[in-house]
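2 protein chains.
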Amino acid sequence: MLSISFQQIKESYKRIRSYIHHTPVMSSSQLDSETGCSLFFKCENLQRTGAFKIRGAMNAVLQLNDKERKCGVTTHSSGNHAAALAFAAKTFDIPAYMVMPDNAPIVKQQAVKGYGAEIIPCKPTMDDRERMLNHVVCETSAAVIPSYNDHRIISGQGTAALEFLEEYPDLDMLLAPVGGGGLISGTAIVGKSVNPNLRVIGVEPLLADDAKRSLKAGKIIPSTYPNTIADGLRTSLGDITFPIIQNYVDEITTVTEQEIIDAMFLIWERMKIIIEPSSAVPVAALLFHDIKQAGKNVGVILSGGNVDLKSLPWMKA
Amino acid sequence: MLSISFQQIKESYKRIRSYIHHTPVMSSSQLDSETGCSLFFKCENLQRTGAFKIRGAMNAVLQLNDKERKCGVTTHSSGNHAAALAFAAKTFDIPAYMVMPDNAPIVKQQAVKGYGAEIIPCKPTMDDRERMLNHVVCETSAAVIPSYNDHRIISGQGTAALEFLEEYPDLDMLLAPVGGGGLISGTAIVGKSVNPNLRVIGVEPLLADDAKRSLKAGKIIPSTYPNTIADGLRTSLGDITFPIIQNYVDEITTVTEQEIIDAMFLIWERMKIIIEPSSAVPVAALLFHDIKQAGKNVGVILSGGNVDLKSLPWMKA
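Residue numbers (my numbering), protein chains in the order written: chain A, 179 to 495; chain B, 179 to 495.
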């Protein structure tokens, strides 16, 4: 039934594990007492390149053949996927061409450059991103590695939940943010395979609630340039991620921009770790919405930690 | 010869270990390649109350007798020691009275209040701090738990290095910040006991270089209200910590305010963890001074992570 099997994710993990960090799981007694649950945070913000995206990107790059490796890889991405793909390509001396919208966060553009990839700027519309990507492919014959709507990528992202549930098999609930759906799809496949009773919950910004609306409508409803602070979650679902979410995610819930900022601040202050706004989205649902049950073991995937430290949301108030 | 033995520190560790976090050791391949060393960071910023100080405070509180517990504990401190002592006292329902200078960071004052201690404000001079402390002792008969110049405190702080060297016995060099000298004293005793060839280096802000000057002069030269951003390192050495440093610390080195800020920013950006300025002091020495040798295994104790997130040093430039 699944377009991606649990077995494929386990194989992906074997493929990538020596190239990625086994990220730590952290907890906070203060946040436990505030929520009445036992919370476990899978720290993908401490992952290589500062986000879970390296899992999928590495999984894709490792499956390229020699000819593809020679021509290089390309994608369009506003941030973490571009950095991850650049890093994965650099690991194997593969050329990398990143189409990036000119409003992508400066730190994320710098990271991509730092990993030696060539940046091809474009306008921040899906049309222009795809137009420039096609142009790059024509010029270079580089292999396109999509940021989420791709079996290799979804399998790779699922390995975060795999590590998490191997270490913490007693979770009752597992939360992850929803952008294009790569992370939540992989997470849901792993979660339901390991424990069919595990509740898998996707959380998205109210300003980018296309997954919630798509589920309700029974078809993909794209988001139209949502202006959420969670810059990793502005994308729409794809034709591979949407049916997985329909079948294996128990609930999609939404949070406001202020809730995202407050949750991000709280994690920084209490846990002394840096998470980006997208990571704060599921935390906000736990802190400010009634989705949890007292006494339960709740896992949260903190998806990334790439933030412009010179421009923090609580400084702008 | 030592006023505090390695054995005492091991006993302190047995006493406190169930009340503290065994903090993780992190590394960064980027910082490794920038320094040419293998760097290992002992993350006491992820410790309970956000700093190593809970080790000493817990060790002291656990050695109080019943009568002392009833009367409570007191200290003067501008920050992390006060929070740690408040937390330790709260753990055993012991009253706590904290004399805090009125210029102590707001977040640190809030933490002390959050742990249920009573704050007695004073002027930010050593005279007024001690005057108010004496007043508190007269009123309450509370036991004074000094912030560093105390055998129980130094033994407790030494347990950070004990955990560190148990896990990483092959360190060639170990760095810690120097304020009043509690952490570096405990670190040096453990370091030299485990491996006499281990180089133990203390680092302090140039603006608060009293340890360096004291070593040179052969007697304690107090610092006079140094205005360093490293608010945890503004204190002077004590008559217990000074001779330990004289005998067991290989070198004291200093760093500038800008180096502290730059090192702090770099750790936040690369490692996605929050450290306070005092923690950045030894990192700055590694990054910007010629104290290291290529290929060596270098350990750094990141002492704490309590920062006012709404007022960051790189925002003020």
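Using N, Cα and C, we set each Cβ at its ideal position, and we do this for glycine too. Small disclaimer: the values here were computed from a predicted structure and weren't measured.
Residue interval of the beta strand (DSSP E) (run including residue i)
{"i": "cysteine 300 of chain B", "result": "296 to 300"}
{"i": "methionine 442 of chain A", "result": "Unbroken run through methionine 442 of chain A is the alpha helix (DSSP H), 435 to 449; no beta strand (DSSP E)."}
{"i": "lysine 220 of chain A", "result": "216 to 221"}
{"i": "glutamate 382 of chain A", "result": "377 to 383"}
{"i": "proline 279 of chain B", "result": "274 to 279"}
{"i": "asparagine 475 of chain A", "result": "475 to 480"}
{"i": "valine 356 of chain B", "result": "Careful: valine 356 of chain B lies outside any beta strand (DSSP E) and carries neither H nor E."}
{"i": "valine 251 of chain B", "result": "251 to 254"}
Cutoff 6 Å; reference residue i; Cβ partners in own chain excluding five residues on either side
{"i": "leucine 465 of chain B", "result": "Ala441"}
{"i": "threonine 434 of chain A", "result": "Leu384"}
{"i": "glycine 357 of chain A", "result": "Gly410, Leu411, Thr413"}
{"i": "alanine 266 of chain B", "result": "Ala235, Met236, Val239"}
{"i": "glutamate 296 of chain A", "result": "Tyr275"}
{"i": "alanine 472 of chain B", "result": "Gly214"}
{"i": "aspartate 306 of chain B", "result": "Cys300"}
{"i": "serine 206 of chain A", "result": "Arg448, Met449"}
{"i": "leucine 343 of chain B", "result": "Val372"}
{"i": "glutamate 246 of chain B", "result": "Ala321"}
Partner residues on chain A for residue i, Cβ-Cβ distance less than 7 Å
{"i": "glycine 228 of chain B", "result": "Lys450"}
{"i": "proline 202 of chain B", "result": "Pro202"}
Chain-ordered neighbours of residue i on chain B, where CB pairs are closer than 7 Å
{"i": "phenylalanine 443 of chain A", "result": "Leu487"}
{"i": "glutamate 447 of chain A", "result": "Leu487"}
{"i": "leucine 224 of chain A", "result": "Lys450"}
{"i": "glycine 483 of chain A", "result": "Lys450"}
CB-CB length for residue i against residue j, believed under 8 Å
{"i": "asparagine 327 of chain A", "j": "aspartate 388 of chain A", "result": "Contact doesn't hold; Cβ gap of about 14 Å is too wide."}
{"i": "valine 239 of chain A", "j": "alanine 261 of chain A", "result": "Valine 239 of chain A to alanine 261 of chain A, Cβ: 13 Å. No contact."}
{"i": "methionine 304 of chain A", "j": "valine 277 of chain A", "result": "Between valine 277 of chain A and methionine 304 of chain A the Cβ distance is about 11 Å, and since that is not below 8 Å, they are no contact."}
{"i": "valine 127 of chain A", "j": "isoleucine 323 of chain A", "result": "The requested residue 127 of chain A does not occur in the structure, where chain A is confined to residues 179 to 495."}
{"i": "isoleucine 430 of chain A", "j": "lysine 390 of chain A", "result": "5 Å"}
{"i": "isoleucine 331 of chain A", "j": "glycine 360 of chain A", "result": "5 Å"}
{"i": "aspartate 468 of chain B", "j": "isoleucine 284 of chain B", "result": "Not quite, the Cβ-Cβ distance comes to about 38 Å (not below 8 Å), so this is no contact."}
{"i": "serine 481 of chain B", "j": "alanine 229 of chain B", "result": "6 Å"}
{"i": "glycine 483 of chain B", "j": "leucine 224 of chain B", "result": "7 Å"}
Other residues of its chain near residue i: CB distance less than 7 Å, five sequence neighbours each side excluded
{"i": "alanine 282 of chain A", "result": "Ser256, Gly257"}
{"i": "threonine 269 of chain B", "result": "Tyr197"}
{"i": "leucine 438 of chain A", "result": "According to the sequence as given, residue 438 of chain A is isoleucine; it is not leucine. Result list for isoleucine 438 of chain A: Pro383, Ile407, Ala408, Pro455, Ala458, Val459, Ala462, in chain order."}
{"i": "isoleucine 362 of chain A", "result": "Ala354, Val356, Gly380, Ile423, Val427"}
{"i": "glutamine 241 of chain A", "result": "Arg330"}
{"i": "isoleucine 194 of chain B", "result": "Arg233, Met236, Asn237, Leu240, Gly334, Thr337"}
{"i": "aspartate 348 of chain B", "result": "Asn475"}
{"i": "tryptophan 492 of chain A", "result": "Ile439, Phe443"}
Limits of the unbroken alpha helix (DSSP H) element including residue i
{"i": "valine 285 of chain B", "result": "284 to 292"}
{"i": "valine 314 of chain B", "result": "304 to 318"}
{"i": "valine 239 of chain B", "result": "231 to 239"}
{"i": "aspartate 210 of chain A", "result": "207 to 213"}
{"i": "proline 460 of chain A", "result": "455 to 466"}
Within chain A, partners of residue i - CB distance below 9 Å
{"i": "methionine 236 of chain B", "result": "Under the 9 Å cutoff, chain A gives no residues; its nearest Cβ is about 15 Å from methionine 236 of chain B."}
{"i": "methionine 276 of chain B", "result": "In chain order: nothing, as chain A lies at least about 19 Å away."}
{"i": "lysine 351 of chain B", "result": "In the sequence under discussion, the amino acid at residue 351 of chain B is methionine, which differs from the lysine named in the question. Chain A residues near methionine 351 of chain B: none, gap ~24 Å exceeds 9 Å."}
Close-in-space but distant-in-sequence residues of the same chain around residue i (CB under 8 Å, 5 per side omitted)
{"i": "glutamate 341 of chain B", "result": "Tyr191, His200, Thr201, Lys220"}
{"i": "glutamine 208 of chain A", "result": "Arg448"}
{"i": "arginine 377 of chain B", "result": "Asp350, Met351, Leu352, Asp428, Glu429"}
{"i": "threonine 253 of chain B", "result": "His259, Ala260, Leu263, Met276, Val277, Leu311, Val322, Ile323, Pro324, Ser325"}
{"i": "threonine 318 of chain B", "result": "Cys249, Gly250, Thr252, Pro273, Tyr275"}
{"i": "valine 315 of chain A", "result": "Thr252, Val322"}
{"i": "leucine 444 of chain B", "result": "Leu209, Val461, Leu465"}
{"i": "tyrosine 293 of chain A", "result": "Thr227, Ala261, Ala264, Phe265, Ala267, Lys268, Ala274"}
{"i": "alanine 386 of chain A", "result": "Gly357, Ser401, Pro404, Thr406, Ala408, Leu411, Arg412"}
{"i": "lysine 470 of chain B", "result": "Thr213, Gly214, Cys215, Met351, Leu464, Val476"}
Proximity test, Cβ basis, 8 Å: residue i and chain D
{"i": "lysine 470 of chain B", "result": "The question asks about chain D, but that chain is absent: this structure's protein chains are A and B."}
Within chain A, partners of residue i - CB distance below 8 Å
{"i": "methionine 310 of chain B", "result": "The premise fails here: methionine 310 of chain B is roughly 29 Å from chain A at the closest Cβ pair, so nothing lies under 8 Å."}
The ligand COA heavy atom lying under 7 Å from the CB of residue i
{"i": "serine 456 of chain A", "result": "Among the components of this structure there are no ligands whatsoever, and the ligand COA is therefore not found."}
Point to revise | Cβ contact (3+ pairs, closer than 8 Å) linking the segment 409 to 429 of chain A and the segment 186 to 206 of chain A | key: no
Practice item. Give a yes or no on contact between the segment 349 to 356 of chain A and the segment 474 to 481 of chain A, applying the rule of three or more CB pairs nearer than 8 Å. Key: yes
Check your understanding: Given 8 Å as the limit, is there contact between the segment 328 to 336 of chain B and the segment 232 to 250 of chain B, that is, 3 or more CB pairs closer than that?
Key -> yes
Review point. Would you call the segment 445 to 463 of chain A and the segment 450 to 464 of chain B in contact, with 3 or more CB pairs under 8 Å?
Key: yes
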